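Letter 247 of the sequence shown, counting from 1, is numbered 247 in full-length UniProt numbering, and no numbers are missing. Note sheet for the following structure.
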Amino acid sequence: MPTKFTDSFLKLLPGLDCGLCRLEDGCLGYAQRLAQGEPDISLCLPGGENLKAKLAELQAETVMPRANVASFVNCQGSAENARNRFNYFGVDSCRGATLLYGGSLECLYGCLRLGDCVTACPYGAISLTPQGLPKIDYSKCTGCGRCTNACPKGILKLAPKTQQIYLACICQAKSEDLSGQCRQGCSTCGDCLKECPYGAIAWDGSLPKIDYEKCRSCSICVYKCPQRSYLDRIPNRPTAFIGLQCNGCQQCKSVCPTDCIIGKKGEHHKVMRGQCIGCGLCFEVCPTKAITMLGALGHVDLTRF
């Protein structure tokens, strides 16, 4: 759907409709996505770094105020997870390493782990983990977008700061080739789309994409993903507790994605706490308000005491 800023973004794009962005609707479609808050400003390859800087600046002025966004690392290709094609002994620069056959990894979309993003961040918000991947300090990240511009692979993307769940993979490889590239890359199985109770995940090209407006950060996609490609920023999830108001209607049991609620119809139900993932679906459907989410980071608004 066009927005009032679409024309502004379209004027910046080359207008070639070359297809390198992998979007079926070309430059116009990309402009519409950018105007709606699309955080990936690296899709237009002909535009280069100059265009990325202009798109970031325009988004900052229009649809995506930087105070509300932060950078997310969309890759889990650590030294342990991602396989090398060859050993690289060149300059310690991701951009420099990319010039040699696209980088040393089997996955041509993965993080090269050389820290261009660390150097680019003026706020000291990025460091490299012992596994070599970038780590964002969200207390320091301002969402300025400099790291996203510095990353030659585009694995750093801006998203709402409040977003707790995200897909940490941008690999476009076919699923049959994935096992030889990365242990935690998205296999495009589609389980996340089928299981999301809010319809917040849809295909965007060959990868799933979360609609942050619809996402409730319930973590079901994290639980259901066979490749563990989704990441959850919440370190400790809440646990459902069923109080004495329970009438045994079994509505909670019918929506539980982990089958952790036990009890016969008409009787008081219980939650097997070790299996509860804190998604909150049972809380939402309980007609007697018998369920409380305990210990809930990000779920404080769901508790009833």
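Ideal Cβ placement from N, Cα and C applies to all residues, glycine included. Because the structure is a prediction, the values reported are computed rather than measured.
query, result
"Where ARG304 sits in the DSSP three-state scheme", "Confidence at ARG304 is low in this model, with a pLDDT of 29, below 50, so the placement of that residue is unreliable and no value is reported for it."
"Residue burial classification, ASP25 (beta-carbon count within 10 angstroms, cutoff 16)", "exposed"
"Assigned secondary structure, PHE241 (DSSP; H/G/I helix, E/B strand, else coil)", "strand"
"Coil, strand or helix - HIS299 by DSSP", "Any reading at HIS299 is ruled out, since the residue's pLDDT is 38, under 50, leaving its predicted position unreliable."
"Contact with chain C by SER254, beta-carbon distance below 9 angstroms", "Protein chains in the displayed structure number just one, and chain C is not present."
"Identity of the residues DSSP links to ASN84 by a beta bridge", "LEU105"
"Where ASP40 falls: helix, strand or coil (DSSP)", "coil"
"Rounded distance between the beta-carbons of CYS117 and CYS144, thought under 8 angstroms", "Contact flag wrong, Cβ pair sits at about 12 angstroms."
"Among LEU114, SER187 and GLY185, nearest to LEU128 - alpha-carbon criterion", "LEU114"
"Inter-stretch contact at 8 angstroms, needing at least 3 Cβ pairs: the stretch 222-235 / the stretch 185-205", "yes"
"Closest Cα partner of ILE234 within the set GLY278, GLY77, GLN59 and GLN172", "GLY278"
"Residue span of the alpha helix (DSSP H) that contains SER254, given as start and end", "251-255"
"Backbone secondary structure at TYR30 - three-state DSSP", "helix"
"Chain-order list of residues whose beta-carbon lies under 7 angstroms from that of LEU302 (same chain, five-residue window excluded)", "Bear in mind that the predicted position of LEU302 carries a pLDDT of just 35, short of 50, making it too unreliable to give a figure here."
"Residue nearest to CYS75 in terms of C-alpha spacing, selected from GLN172, ASN236 and LEU193", "GLN172"
"Stretch-stretch touch, CB-based, cutoff 8 angstroms, three pairs: the stretch 82-96 with the stretch 47-59", "no"
"The stretch 15-30 touching the stretch 101-108, judged by at least three CB pairs closer than 8 angstroms", "no"
"Of the listed residues ALA200, CYS215, THR62 and LYS289, nearest to GLY249 (C-alpha basis)", "One detail in the question is off: residue 249 reads as Cys in this sequence, not Gly. The option with the nearest alpha carbon to CYS249 is LYS289."
"Bridge partner(s) assigned by DSSP for ILE201", "ILE210"
"Closest by C-alpha distance to PHE72, when choosing among ARG83, CYS169, CYS215 and VAL222", "CYS169"
"DSSP state of TYR223 mapped onto helix, strand, coil", "helix"
"ILE262 classed as buried or exposed, judged by whether at least 16 other C-beta atoms fall within 10 angstroms", "exposed"
"Close Cβ partners of LYS140 (< 7 angstroms) along its chain, the five nearest in sequence each way excluded", "TYR123, GLY124 and ALA125"
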